[in-house]
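Read through the structure below, which is laid out as structure tokens, and then see the notes.
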Amino acid sequence: MSEPAAIFTVDALTGGGTGPLYLRLKALIRGAIEKGVLAAQDALPSEREIANLLDISRVTVRKALTELVEEGILTQKRGSGTYVTGQAPRVEQRLSRLTSFTEDMLARGLTPSVKWLQKTVAPPTPDEAMVLALSPNERVIRLRRLRMADGRPMALELAVVPARLLASPEAVGNSLYAALQAAGIRPVRAMQRLSAESLNAEDAATLSVPPGSPALYIERISYLADGRAVEFTKSHYRGDAYDFVVELTTSGENE
Ligand code: 16G
């Protein structure tokens, strides 16, 4: 019997107190994760196997697993089963340096990757037109991505760039800043605004966390040396994955 299967015993289930069976099964799985018996990325036995081991119906097993998936504790991968959701690696990022996600992750020995959600040319929203100082008939390149580190979801990002600055959206591979650098328009200065938020159901699902989970909402407006705005990016960074660090110095006059 494999390790994860070992937790599914009739004794452990009945030891979980009284009450509906699916709730006892949920408590059993949650308890095994808390005690470290089930680790992040461990695969659970199949629905049928768990039902057999515990002598309960598959409907009960499905109900328990579905709720744990909705709570972000388990992750279901199509065709390959149910896993314990991995904790995202916690990353510390300095707020004073104008770096890219790709550079930040590589600097920490993590492998960045991207799941593209949108890559289009479209008219700007009034907000974007104002921030990027666009005339009414100009277009923007809209890049919506799930950003991952070592395969784990870290941030959801919508970057908007004036279309006239890049040859086409296809000029952007996995790194926007690499594309901007190649085009000779890497930003040199940026303004960043951070606030706390709780994730809506859709964004939470994309980031593999329970709905309402805490996140950092960050807006970055980046500029070229000549003052032109090159990027307006809205990011949702997983609250459990990020520490933003700021270095403080006295103003010099007081030194
Ligand atoms: C970071 C920036 C984002 C920028 C992206 C470029 C924050 C809060 N945001 O995620 O504004 O567009 O890096 O990364 O740091 P890339 O070159 O890997 O696409």
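Note that my numbering has the sequence shown beginning at 48, numbered continuously upward.
For each residue, glycine too, the CB sits at the ideal point set by N, CA and C.
For clarity, every value in this text was computed on a predicted model and none was experimentally measured.
Specify, as a first and last residue, the run of the alpha helix (DSSP H) that G78 falls within.
Along the sequence shown, one-based indexing puts residue 78 at 31. Where G78 is concerned, the enclosing alpha helix (DSSP H) stretches over L68 to E81.
Alpha helix (DSSP H) segment containing V116, residue limits
Counted from its first residue, the sequence shown places residue 116 at position 69. First-last of the alpha helix (DSSP H) with V116: R105 to E117.
Tell me where the alpha helix (DSSP H) around F148 begins and ends.
Counting from one through the sequence shown, the residue named residue 148 turns up at place 101. Here the alpha helix (DSSP H) through F148 covers F148 to A154.
Beta-carbon separation (whole angstroms), R186 vs A214, contact threshold 8 angstroms
Here residue 186 corresponds to residue number 139 of the sequence shown, with the count starting at 1. Here residue 214 corresponds to residue number 167 of the sequence shown, with the count starting at 1. 13 angstroms between Cβ atoms; not a contact.
Whole-angstrom C-beta distance between Q239 and E266, which should lie under 8 angstroms
Locating residue 266 in the sequence shown gives position 219, counting from the first residue. Locating residue 239 in the sequence shown gives position 192, counting from the first residue. Their Cβ separation, rounded to whole angstroms, is 7 angstroms, which keeps E266 and Q239 in contact under 8 angstroms.
Once you ignore the five residues that flank I97 on each side, which residues in its own chain have a CB closer than 6 angstroms to its CB?
Position 50 of the sequence shown, counting from 1, holds the residue named residue 97. So the list reads F55 and V108, once near-sequence residues are dropped.
When you measure from the CB of L164 to every non-hydrogen atom of the ligand PLP, does any distance come out below 7 angstroms?
Absent from the structure shown: the ligand PLP. Ligands present: the ligand 16G.
Please state the DSSP three-state secondary structure of A252.
Within the sequence shown, numbered from 1, the residue matching residue 252 stands at position 205. Residue state, collapsed to three classes: helix.
Beta-bridge pairing of P173 - partner residues as DSSP gives them
The sequence position of residue 173 within the sequence shown is 126, counting from 1. DSSP lists no partner for P173.
Using a Cβ-Cβ cut-off of 8 angstroms (strictly less than) and excluding sequence neighbours within five positions of L145, which residues of its own chain qualify?
Looking up residue 145 in the sequence shown gives position 98. Answer for L145: P234, V235, R236, A237 and S269, listed in chain order.
Beta-carbon proximity of V131 to L85, cut-off 8 angstroms:
By 1-based counting over the sequence shown, the position of residue 131 is 84. By 1-based counting over the sequence shown, the position of residue 85 is 38. Between V131 and L85, the C-beta gap is smaller than 8 angstroms, which places the two residues in contact.
Report yes if the C-beta of T280 is less than 7 angstroms from at least one heavy atom of the ligand 16G; otherwise report no.
Here residue 280 refers to the residue found at position 233 when the sequence shown is read from its first residue. For the ligand 16G, at least one heavy atom lies less than 7 angstroms from the Cβ of T280.
Examine the ligand 16G and report whether any of its heavy atoms sits within less than 7 angstroms of the Cβ of I232.
Taking the first residue of the sequence shown as position 1, residue 232 is located at position 185. Flag unset: Cβ of I232 not near the ligand 16G.
Apply the 10 Å Cβ neighbour rule to L129 and answer buried if 16 or more other Cβ atoms are within range, or exposed otherwise.
Here residue 129 refers to the residue found at position 82 of the sequence shown. Note that residue 129 is Thr in the sequence shown, not Leu. T129 sits buried, since 16 or more C-beta atoms from the chains shown fall within 10 Å of its C-beta.
Cβ-based burial, V138 [other Cβ within 10 Å; buried from 16]
Along the sequence shown, one-based indexing puts residue 138 at 91. With 16 or more other Cβ atoms within 10 Å, it is buried.
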